[in-house]
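*Asks:* Counting from 283, one number per residue, gives the positions in the sequence shown under the numbering used here.
Ideal placement from N, C-alpha and C gives every residue a C-beta, glycine not left out.
Structure below; questions to follow.
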Amino acid sequence: MPNYLLEVDHPLVVPVGKKVRVLLTAGDVIHAWWVPAFGMKKDAIPGFVNEIWFRADQVGIYRGQCAELCGRDHAFMPVVVDVRSQENFDSWLKAQQGATKTANAAGTTPATAE
């Protein structure tokens, strides 16, 4: 498996060429959201909300990880950003909204409705 320990259950999905604002916080210790291809890193601090902006100019999968030595499981905190064309992003968003409506009607969460 080429991306062993670098996958996530739900990647951040964004449209290509759009400015994306990410709000960061943490629930336990300081973490750092880092995606090298975007040329930025920002700390996620318990009790505070930080923000970071980026714009991906090419469709693709971008990988990063927590860049703070935050504890025993530090090596198991990957970041995956899935940058899609606007049309593909719109289709994905519509599917997510449909899954949420279906899950709400069934009384479950979208993650378990799949």
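1. Nearest to E333 by CA position, among E369, Y286, T382, T307, is which residue?
2. Give me the Cβ distance between A338 and A314, rounded to the nearest whole Å; I'm assuming they're in contact under 8 angstroms.
3. Pull the bridge partners of Y344 from the DSSP assignment, please.
4. Which of the three DSSP states is assigned to E369 in this structure?
5. Work out the CA separation of F320 and S367 for me, nearest whole Å.
6. Can you check which of these residues, V341, I312, G309, is closest to P297 by C-alpha distance?
*Replies:* Taking the coordinates as given:
1. In the sequence shown, counting from the first residue as 1, residue 333 sits at position 51. The candidate whose alpha carbon is nearest that of E333 is T307.
2. For the purposes of this step, residue 338 is taken as residue 56 along the sequence shown, with counting starting at 1. For the purposes of this step, residue 314 is taken as residue 32 along the sequence shown, with counting starting at 1. Not quite, the Cβ-Cβ distance comes to about 19 angstroms (not below 8 angstroms), so this is no contact.
3. Within the sequence shown, numbered from 1, the residue matching residue 344 stands at position 62. Answer by DSSP bridge pairing, in chain order: V363.
4. Counting from one through the sequence shown, the residue named residue 369 turns up at place 87. Helix at E369.
5. Your numbering for residue 367 matches position 85 in the sequence shown. Your numbering for residue 320 matches position 38 in the sequence shown. Their backbone Cα atoms lie some 17 angstroms apart in a straight line.
6. If you number the sequence shown from 1, residue 297 lands on position 15. For P297, the nearest C-alpha among the options comes from V341.
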